[in-house]
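> Below you will find the structure I want to go over with you.
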Amino acid sequence: MTVPTPDPQDDGLQALLRPRGIALLGISGRSENLMSRPLRYLVEHGYEGGLYPVNPNYEELVGRRCYPTLADVPGPVDLVLVLVAADRVEDAIRQAAAVGARAAVVYASGFAEVGPAGVALQQRLAAVARETGVRVVGPNCQGFLYAPTGVVATFTAAADRPLTSGSGVAYVGQSGAVGGSVLDLATDMGLGLAAWFSTGNQADLDLTEVSLHLLADPTVRVLMLYVEATGNGAAYAELARRAQLAGTSLVVLRSGRSSAGRRAVASHTGSMLGDDVAFVLTSRRYGVVLVDDIDELLAVAAVLAAGKPAEGPRVAVVTTSGGAGSLAADQCEDVGLQLPELSAATQARLRPLIPPFGALANPVDVTAQLFNRGAHAFGDVCRIIAEDDAVDVVAVLVTMVVGDAGARLAEDLVATAAKLRCPLLVGWIAGQELTAEGRRVFREAGVPVFGSVGDLARVAARLAPPRHRGTPPPLPPVPDVPAAEVRALLEGPVVDGPALLRSIGIAQPASTLVTGPEAAQEAVAALPGPGVLKLAAADLAHKSEVGGVRVGVGPDEAAGVFTELLDAARRHHVPGVEGVHVQELVPPGTELILAVTAGRDGFPPVVTVGLGGVTTELYRDLASALAPVSPEEAWAMLRSLRAWPLLAGFRGAEPADVPAAVDAVVRLSQAAVAAGDRLAEFEVNPLIVAPRGRGATAVDVLVRTTGSREPVGE
């Protein structure tokens, strides 16, 4: 392999991947020391550039001359591996800059992960990196490898194994330990990684910047990420967008998703969505595949590396066991996959191959008798099935086909998979010892083998693109909301929720604030019919929970209800009671919840719609999108709800005014964008959607700004 000269205009990342020379500052001569490994790995894995161990205590290490200082190194040094303790790192980066190095890897711990003193040390490291222009990976990381140039600059024990490349798959992750496991498991399954990065504390280079650089690498077709914290949602979105444009598959495993439970919020939606919803929505927008565990990360990457993504959720199961086929049908249905019946033409082609006591429709049970029909019979069955237009994925489930027969089957399936237009997934429900030779065949071909029906079904579901929920009807455009007016209404310490709704054009019932029983009676008498009385208290988010709402109140009972509501407020110690709102009673309709939660960490605001009213948290029937949304996107959100039949006209009922609901969703999303960083939460619950042509009305509104501790509303 050749080591080209780095481009002098490069930002330092080329110096990581294609260095002319590597200096190892502080390299240990003790084989039991982790910091002795990088030099040995660089030699063993074939790095051909200059290698310069730097340690005044040795004359030679691993057959290479050892130098007392960096300044004594004779050749060009583009990359310095900093193998010294945390308190010496800052000086090491200055030394690296002095000899012309463009990049460095800092392995030492003792930085931001250990507390305030470490944070200060890391901040100084970041400042030195900016000052000198040396790009730094780490600190507190396990380094990286780049297979095309043999740069194995890590101390993970996973690099003790022979490393291959050629799969087109790369990995970037924020955890060294998880990264080491990924590298080891990838090697174990025959998935040779083109590149592998552990970014650690990310004082300088972070996960997104490294990943953006790898997107431009022609050897990388699939990029796996392990993400603990994005920090910059805009940068992550740009990475996902550019990956989509480049045709590079992005597969992401994110930890820390349960952190939403640690944040107390007052609104219904804030407590139900979770902190990672903007991350998930951004990922979906750009076709990122999100997975839940390391085995899924590797399996999905391996399948995508074959260049045959699934075009839909339709799976054909081929099995040697009717029982396994039934399990597969159940598991696939549980994760949203479909098992379509194979066409009559396909079944006719299969019939000569499969015994009469097998099954042809889907799942296809070939039975053990198929192995008497020739070495390639199983592969022929899979090929015929893959040619059916109703099939997006072929899932093979093998039970106790072991020994030589299992090895022959593996060879047949590997050869068949290479010829199919769609992915072929293999589940082998048998022990490792009896299937060792067959598994070796799959491993050498880089084909993942699943140990359970459920694992296979989950990966198939990850590969399936999102299903479209139909085509929306013609929808009228929604005018832009008055952005300046929205921002002005959010400036004060108390936000007038009804005024905010009026400004963005969402209808609401007539309402009067009263402070005495007689005024309540007069206000109800002025209405065209019975009214609704609600406690008015800025700090009360959920009025029904304290008995603060009464519906269908007539003039004769209004004064008494007013008194009862104030008594309820006193019993529940509700602060800041201003009086009672008297509202016009809105006719029944379908109740929705509409909400916006503010964008965080550089992500856009999130718009949510769902089944509303007091049962919102019970049913949790919600759909979310990034703001702003178009009318078509708003319609798709509504269409995805389990409650959609209520809007469409359930069991002969008159359909709801869906265009009016769409209009409200779009306006709310526009308000979220206009509000900028001032808005924390904006919730309408319920929005009562009347029958077709009669509009939608916001009955209750809740607003929380970034400067207020509690929501305010009506």
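Just so you know, UniProt numbering puts the end of the sequence shown at 714, numbered straight through with nothing missing. Backbone N, C-alpha and C define an ideal beta-carbon position, used for all residues, glycine too.
Quick check: is the beta carbon of VAL486 nearer than 7 Å to any beta carbon in chain C?
Absence of chain C from the displayed structure is noted, only one protein chain being present.
> Taking the alpha-carbon positions, what's the GLY379 to TYR226 distance?
When rounded, the distance between both Cα atoms is 35 Å.
> Exposed or buried, which one is SER544 when buried takes at least 16 other CB atoms within 10 Å?
That one is exposed.
> So, with DSSP's three-state summary, where would you put ILE93?
If DSSP states are grouped into helix, strand and coil, ILE93 belongs with the helices.
> Would you call the CB atoms of LEU353 and LEU360 closer than 7 Å?
Not in contact: LEU353 and LEU360 (Cβ atoms no closer than 7 Å).
> What residue range is occupied by the uninterrupted beta strand (DSSP E) comprising THR515?
No beta strand (DSSP E) contains THR515, which DSSP labels as neither H nor E.
> If you measure between the beta carbons of THR156 and GLY190, is that distance less than 7 Å?
Cβ atoms of THR156 and GLY190: not closer than 7 Å.
> To which residues of the same chain is GLY21 closer than 8 Å at the C-beta, ignoring the five residues directly before and after it?
The residues are GLY49, GLY50, LEU51, TYR52, VAL73, GLY75, PRO76, VAL77, ASP78, LEU79.
> Quick check: LYS308 and PRO423, are their CB atoms within less than 7 Å of each other?
Going by C-beta atoms, LYS308 is nearer than 7 Å to PRO423.
> With a threshold of 16 other CB atoms inside 10 Å of the CB of ARG130, please say whether the residue is buried or exposed.
ARG130 should be labelled exposed.
> Would ALA288 pass as a contact of ARG462 if the rule is Cβ separation under 7 Å?
For the sequence presented, residue 288 should be read as Val rather than Ala. It is not a contact, given that the beta carbons lie outside the stated cut-off.
> ARG262: buried (16+ other C-beta within 10 angstroms of its C-beta) or exposed?
Because the pLDDT of ARG262 is 35, which lies under 50, any placement of that residue in the model is unreliable, and the question is left without a value.
> Around the C-beta of GLU617, are 16 or more other C-beta atoms found within 10 angstroms, so that it is buried, or is it exposed?
It is exposed - the Cβ of GLU617 has fewer than 16 other Cβ atoms within 10 Å.
> Helix, strand or coil: which one does DSSP assign to THR616?
Note: THR616 maps to helix in three-state DSSP.
> How about THR590 and VAL665: do their beta carbons lie closer than 7 Å?
In this structure, VAL665 does not lie closer than 7 Å to THR590 by Cβ.
> What does the alpha-carbon distance come out to for the pair GLY63 and VAL447?
Rounded to whole angstroms, GLY63 to VAL447 spans 38 Å at the Cα level.
> Rounded to the nearest angstrom, what separates THR219 and SER165 at their Cα positions?
If you take the alpha carbons of THR219 and SER165, they lie about 9 Å apart.
> I want to know whether the segment 646–666 touches the segment 556–564 - three or more CB-CB distances under 8 Å.
Not touching, per the Cβ criterion.
> Whose CA, out of TYR171, ALA147, GLN174, lies closest to the CA of LEU163?
Nearest option by C-alpha distance: ALA147.
> Name, in chain order, the residues that DSSP records as bridge partners for SER581.
The amino acid occupying residue 581 in the given sequence is His; Ser does not appear at that position. In DSSP, HIS581 forms a bridge with LEU513, LYS534.
> So what does DSSP say about VAL701, is it helix, strand or coil?
Three-state DSSP puts VAL701 in a strand.
> Using a threshold of 7 Å, state whether the C-beta atoms of GLY323 and ASP365 are closer than that.
No. Outside cutoff.
> Mark LEU583 as exposed unless 16 or more other C-beta atoms lie within 10 angstroms of its C-beta, in which case mark it buried.
First, the residue type needs correcting, since residue 583 is Gln and not Leu in the sequence shown. Classification for GLN583: buried.
> With burial defined as no fewer than 16 other Cβ atoms inside 10 Å of the residue's Cβ, what is the status of ARG570: buried or exposed?
Result: exposed.
> Starting from PHE144 and walking both ways along the alpha helix (DSSP H), at which residues does that stretch end?
Element bounds for PHE144: not the alpha helix (DSSP H) but the beta strand (DSSP E), 143–146.
> Can you check the segment 281–367 for any beta strand (DSSP E) of at least 3 residues that lies completely inside it and give the ranges in chain order?
Within the segment 281–367, the complete beta strand (DSSP E) runs of at least 3 residues are 289–291, 315–319.
> Could you spell out where the beta strand (DSSP E) holding GLY552 opens and where it closes?
Note, GLY552: beta strand (DSSP E), 549–553.
> So who's on the other strand from LEU687, going by DSSP bridges?
Bridge partners of LEU687: LEU592, ALA698.
> Can you tell me where the alpha helix (DSSP H) holding PRO498 begins and where it ends?
That run of the alpha helix (DSSP H) goes 497–504.
> Identify, in the order they occur along the chain, each residue of the same chain with its Cβ nearer than 8 Å to the Cβ of VAL629, setting aside the five sequence neighbours on each side.
Closer than 8 Å at Cβ, skipping near neighbours: VAL607, MET637, VAL665, VAL666, SER669.
> Pull up the DSSP beta-bridge partners for SER249, would you.
For SER249, which the question treats as bridged, DSSP gives the partners VAL222.
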